[in-house]
Amino acid sequence: MTPLDDFYLQKDEPLRGCLLALKDYLLAFDKNITPEWKYKLPFFYYKGKMFCYLWIHKKYHKPYIGIVESKHIDHPDLIIEKRARMKIMLIDPNEDLPIDTMNDILKQALARY
Numbered sequence: 001m002t003p004l005d006d007f008y009l010q011k012d013e014p015l016r017g018c019l020l021a022l023k024d025y026l027l028a029f030d031k032n033i034t035p036e037w038k039y040k041l042p043f044f045y046y047k048g049k050m051f052c053y054l055w056i057h058k059k060y061h062k063p064y065i066g067i068v069e070s071k072h073i074d075h076p077d078l079i080i081e082k083r084a085r086m087k088i089m090l091i092d093p094n095e096d097l098p099i100d101t102m103n104d105i106l107k108q109a110l111a112r113y
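Mapping of the sequence shown onto UniProt numbering: position 31 corresponds to residue 31, and the numbering continues sequentially without gaps.
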């Protein structure tokens with residue numbers, strides 16, 4: 001088992017299911033998005049460049065998508081916190097994925113590449 005696989009499997013539900021659904025969503029979003037293991041977390045590359053990653057927010061205990069080139073994307077569901085170039089989108093693991101919102105944000109992020 002790879003560290004990438006282990007990342008998902010070591011999480012308890014509902015976090016595990018949410019993270020796996022996010023992974024599947026990201027990989028299906030564009031054929032040029034590929035999964036990687038970088039900085040000890042699941043990263044997703046677009047055409048060989050860092051695009052986004054998945055993690056769990058320490059304060060809110062919710063999974064999130066961290067989007068690398070989102071500093072200039074203005075969307076109410078993106079949070080910058082103390083990051084310089086990345087913003088995050090928190091996901092409620094007990095709700096359906098906000099597909100329309102994620103589509104909107106990720107399309108804007110892909111346009112930066």
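For every residue, glycine included, the Cβ atom is placed at its ideal position computed from N, Cα and C.
Counting only runs of 4 or more residues that sit fully inside the UniProt domain "YdhG-like" (16-110), the alpha helix (DSSP H) segments are 99-110, in chain order. DSSP, read as helix, strand or coil, puts P14 in coil. Just so you know, the alpha carbons of L19 and L78 end up roughly 18 Å apart. P76 has its alpha-carbon roughly 33 Å from the corresponding atom of D6.
Under the DSSP assignment, Y8 falls in the alpha helix (DSSP H) whose first and last residues are 3-9. With respect to the C-alpha of I67, the residue from D96, Q10, A111, G17 having the closest C-alpha is A111. L54 counts as buried, since at least 16 other C-beta atoms from the protein chains shown sit within 10 angstroms of its C-beta. Of the residues assessed, P63 falls on the buried side of the cut-off, its CB having 16 or more other CB atoms within 10 angstroms. Taking a contact to require three or more Cβ pairs closer than 8 Å, the segment 88-98 and the segment 42-51 do not qualify as touching. Within 10 angstroms of the beta-carbon of P3 lie fewer than 16 other beta-carbons, which makes it exposed. If you draw a straight line from the Cα of N32 to the Cα of M50, it is about 12 Å long.
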